[in-house]
Structure formats: C-alpha cells, structure tokens
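All the letters of the sequence shown, read from the start, carry residue numbers 1 to 446 under UniProt numbering.
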Amino acid sequence: MSGRSAGTGGSPFAPHTADETAAMLDALGVDDEAELFDIPEAVAFDGEFGIPQRDERTVRADLRDTFARNDDLTEFLGRGHYSHYVPAVVDDLSSRSEFLTSYTQYQPEITQGFLQALFEYQSILVELTGLSIANCSMYDAAAALAEAALLSDRVRSTSGSTVLVPEDLRDGKRGTLDNYVDGSDLTVETYPYADNTADLDALADAVDEDTTFVYAETPTVTGAIEPDLAAIGDLADEHDALFCVGSDPVALSLLEEPASVGADVVVGEAGALGLPASYGMGLGLFACSEEFLRQVPGRLVGKSEDADDRRAFTLTLQTREQHIRKERATSNICTNQAWVALRAAMHAAYLGPDGLVGLAEDCVRDAASVAASLDALDGVEAPLDDRHHFREFTVGVDDAPGVAAGLEERGFAVHVLDDETLQVCVTDLNVDAADDLVAAVAEVTA
Numbered sequence: 001m002s003g004r005s006a007g008t009g010g011s012p013f014a015p016h017t018a019d020e021t022a023a024m025l026d027a028l029g030v031d032d033e034a035e036l037f038d039i040p041e042a043v044a045f046d047g048e049f050g051i052p053q054r055d056e057r058t059v060r061a062d063l064r065d066t067f068a069r070n071d072d073l074t075e076f077l078g079r080g081h082y083s084h085y086v087p088a089v090v091d092d093l094s095s096r097s098e099f100l101t102s103y104t105q106y107q108p109e110i111t112q113g114f115l116q117a118l119f120e121y122q123s124i125l126v127e128l129t130g131l132s133i134a135n136c137s138m139y140d141a142a143a144a145l146a147e148a149a150l151l152s153d154r155v156r157s158t159s160g161s162t163v164l165v166p167e168d169l170r171d172g173k174r175g176t177l178d179n180y181v182d183g184s185d186l187t188v189e190t191y192p193y194a195d196n197t198a199d200l201d202a203l204a205d206a207v208d209e210d211t212t213f214v215y216a217e218t219p220t221v222t223g224a225i226e227p228d229l230a231a232i233g234d235l236a237d238e239h240d241a242l243f244c245v246g247s248d249p250v251a252l253s254l255l256e257e258p259a260s261v262g263a264d265v266v267v268g269e270a271g272a273l274g275l276p277a278s279y280g281m282g283l284g285l286f287a288c289s290e291e292f293l294r295q296v297p298g299r300l301v302g303k304s305e306d307a308d309d310r311r312a313f314t315l316t317l318q319t320r321e322q323h324i325r326k327e328r329a330t331s332n333i334c335t336n337q338a339w340v341a342l343r344a345a346m347h348a349a350y351l352g353p354d355g356l357v358g359l360a361e362d363c364v365r366d367a368a369s370v371a372a373s374l375d376a377l378d379g380v381e382a383p384l385d386d387r388h389h390f391r392e393f394t395v396g397v398d399d400a401p402g403v404a405a406g407l408e409e410r411g412f413a414v415h416v417l418d419d420e421t422l423q424v425c426v427t428d429l430n431v432d433a434a435d436d437l438v439a440a441v442a443e444v445t446a
C-alpha cells in the first residue's frame, strides 16, 4: 500500500500520496481539502483549543465544582426516558472486560459469550412482541421508528408514499423520522388524538391507498394505554399498509401482545431496562414478522452448529448490511447498541417473567394512585383523560409554568406541556417521594 509517512505530515494509514491527493483536488476543481467542507467559521478549528493547561488534580476539583451546581431534584420526568431500579448484578456482570472491550462480534470463534447474550436479548423481544424476528438493537426508539418507515417503503407491493404518525409524537422522534425519509419518496403526515389516544374516526379518514405505514403508540407519550390497537391494525391491513406499534419491554410484559392485534413491526425504547434515564443515549428495539427477515436493518445474531455439531452463535444474513452491500444495503446503520442491549437482557433475566410483570403492574397501580391523590386537591385535575395509564399521566392546573417553578423550588421536576398542563411520571425509583410531591403541589396551588 502506498502511503505518506508520519514524518511528511501525513498518516501511515492514509493511502494517498501527495501527488494522488493533488490530482483528485484538481479533478474536483478545488485547491485544498478544506474547500470540500462547509464548516461555519464560528465552530471551525483555528489551531488553538483555548483550554488552559491544568494538572489532573485541578481538573478533578473543577469538575466537582461544576457538578455541585446541578440542582438536586427528585425527577418525575418521563416522555420516553424512564428510570427503573437496575440491580447491582447488571453493573457487575456487564463491566467484565470481555463485554466492555468487545467491538462488533465479527469473530464468532472468540465472542460466543457475547453473541449468546445478544441472541437471548433478541429472544426476549420475540417473546414480548409475539413477532418472529428481532434484531440485536438500534440506536434508540426514534431511529427504530424511522427504519421501520423505510422498511415499509421497501416491502410494500403497491404504490404509496404516506407515513402516518400520531400528532402527539415526541419532537425527537418526529425530527429523526423526517431526517431519515428526506432522501426517499416518503412523506410524513399526522392523525389526531382524542382523549390522549388515537382518534379512530379521524384515522380512518386519513388512511387511504397511498398510505404505506401506520404508527401507533401504547402507552402514548402522555402515558395513556391505547385501547384501539386492533382496530388501527385492521385499518392498516385494509389498505395494505404496514402497521407499526411503539412500546417498551416493561409495558409489553403486561399489555396486549402486538402480534395479536396485527402488528407487522414493533419499535420502542428498550433502555427502560438496564439503564438509568440519560435523556440522550438510548436502546432501540426492533422486531418484525418473519416475512421481512431480509429487510431488517442492523445486526442479527443467529444460532447454528459448528463443525463438531456444537451449538454456536454468529452474526447472520450480513449481506443485508452496509459493510457488504454498500449503497444497496437495507439500511445505513452498520452497528448496534451491543453493550446496552446486554444490560437490558441481564436486567430482564434477573427479573424473570413474574418480576417483569410485577414491575409493569406497579407502573399502572402507582400512576393511578398518585393521579388520584393529585385529583383530590382543589384546582387540580388528574388525569386529563378517561384512559388507563402506564407510568405517567397529564395534570391540569391554572398556571402550569408557575406550578412547575414552585415545585422546582421545593425539589421536584415535572414536565410542562402548555400553560395549563403538567405531566408526571411515577416509577419504582421516585414513588417513595410521591406523597411529598402531592404535598408540594397542594402548597403551590393553594
């Protein structure tokens, strides 16, 4: 391989000589590589980082001071980011060096343990969704939703380009979906909610022969459990559209199985297990029916036998993927959240079926209990809809921003949806502070 040495200002890993680089720049009609990039001057590197040199002890002290400025709030926050108690065994086992140092498991002969763990993760999702295929994770729920929409465009046998999603879709999901479909012929449209779940009549009017994909969430972004999933699935099926359900593994352990209501694809945030709420990093789950096996984005772990007839695990059907098929790949994603998926699988295995269902039942029971306590206060209405709820619910007050500010002064964080609506999320990690939250709301609204 030809290459410049480090002594000539280049890298031994960059294959182009100075003459080759000059020839390519000349063919492109530019003088240097910088002209190929449109970097705003405000963020362009000018050769100086502007960070004063400090020793390690000073840096640690500065970081402690910075962290100390964080508000010490009890969070009743949700809307796609959920914290449940993660048992110590998950931290202990997932921190083993063979898991922490492992990259993509391309060499099955040395990564059987990790591959088996990812296969178990897939198997857990298959059991929870009732669908035949699950990949071994995606970046987050937003990316999983976007990939499902693109899958519908690849597999639909008739013409159609409309993706239908709820009007009350978390901004991050909608933004990611819009970005993903920007390079396709798909257009994203919304259908309205009624009482914080799908307005079935309006959805029926919106679905037509141009619809390729219908997405419904349960629980919804405000925690309402969707009562009409089967009817939504029938609408999608009648128009030859893919039906996609958004949920999470804790909710799926208790709610109706998506496959039983006609779901073709299930997506969501699997990081409800194994991770604290990070309000950023996630773990996207993606499951689908077997007919779409060769269109599934991302990694798939399969079980086979080696030359000695022993059970063996390996990454399978890789000809779908970008590192082999390049621009003809089913997806641009060429990785997965392996270590995070491992933690989710460990958490689920630790809980077991009964423990997972018990956690889900608490999510329903605790939300209902806290909502009832808030609803008993003068000037407060909770929930603001006639639905069952999972973890979270909306709360009506006269001055939502003012109430939230008063709660923050008292050590609590809640969502503000508009001038008269708050949202409260209750999990096993904050339920012990629920009575104090209710008391604080009573003080603020008095």
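Ideal Cβ placement from N, Cα and C applies to all residues, glycine included.
Treat the numbers as computed from the prediction; the structure is a model and nothing was measured.
What is the rounded straight-line gap between the Cα of residue i and the Cα of residue j?
| i | j | result |
| --- | --- | --- |
| residue 344 | residue 168 | 27 Å |
| residue 332 | residue 72 | 40 Å |
| residue 434 | residue 392 | 12 Å |
| residue 62 | residue 156 | 56 Å |
| residue 172 | residue 40 | 24 Å |
| residue 417 | residue 76 | 14 Å |
| residue 450 | residue 245 | Given that the chain is displayed from residue 1 to residue 446, the structure contains no residue 450 and the question cannot be resolved. |
| residue 50 | residue 64 | 21 Å |
| residue 186 | residue 330 | 16 Å |
| residue 78 | residue 425 | 5 Å |
| residue 286 | residue 354 | 23 Å |
| residue 336 | residue 30 | 37 Å |
| residue 403 | residue 70 | 21 Å |
| residue 445 | residue 38 | 51 Å |
| residue 320 | residue 137 | 15 Å |
| residue 122 | residue 130 | 12 Å |
| residue 269 | residue 304 | 29 Å |
| residue 348 | residue 302 | 20 Å |
| residue 366 | residue 228 | 23 Å |
| residue 339 | residue 395 | 37 Å |
| residue 179 | residue 148 | 14 Å |
| residue 359 | residue 16 | 57 Å |
| residue 273 | residue 284 | 12 Å |
| residue 372 | residue 318 | 51 Å |
| residue 190 | residue 277 | 28 Å |
Taking all protein chains shown into account, do 16 or more other C-beta atoms lie within 10 angstroms of the C-beta of residue i, making it buried, or fewer, making it exposed?
| i | result |
| --- | --- |
| residue 241 | buried |
| residue 59 | exposed |
| residue 151 | buried |
| residue 423 | buried |
| residue 35 | exposed |
| residue 105 | buried |
| residue 383 | buried |
| residue 215 | buried |
| residue 67 | exposed |
| residue 324 | exposed |
| residue 13 | exposed |
| residue 47 | exposed |
| residue 248 | buried |
| residue 235 | buried |
| residue 233 | buried |
| residue 346 | buried |
| residue 162 | buried |
| residue 166 | buried |
| residue 45 | exposed |
What three-state label does DSSP hand residue i in the structure shown?
| i | result |
| --- | --- |
| residue 396 | strand |
| residue 138 | strand |
| residue 194 | strand |
| residue 47 | coil |
| residue 313 | strand |
| residue 107 | coil |
| residue 15 | coil |
| residue 37 | coil |
| residue 101 | coil |
| residue 200 | helix |
| residue 121 | helix |
| residue 427 | coil |
| residue 133 | strand |
| residue 159 | coil |
| residue 218 | coil |
| residue 87 | coil |
| residue 207 | coil |
Curious, which full-length beta strand (DSSP E) runs of at least 3 residues does the region 370-418 contain?
392-396 and 415-418
For the pair the region 199-210 and the region 375-385, tell me if three or more CB-CB distances fall below 8 Å.
no
What runs of the beta strand (DSSP E), each 3 residues or longer, lie entirely inside the region 282-350?
284-288, 301-305 and 311-315
Evaluate the contact criterion for the region 307-314 versus the region 248-256: three or more CB pairs, one atom per stretch, below 8 Å.
no
Between the region 134-143 and the region 290-298, do at least 3 Cβ pairs fall closer than 8 Å?
yes
Decide yes or no for the touch test of the region 84-98 against the region 401-419: beta carbon pairs closer than 8 Å, at least 3 of them.
no
Taking only runs of the alpha helix (DSSP H) that begin and end inside the region 213-262, which ones reach a length of at least 4 residues, in chain order?
229-238 and 249-252
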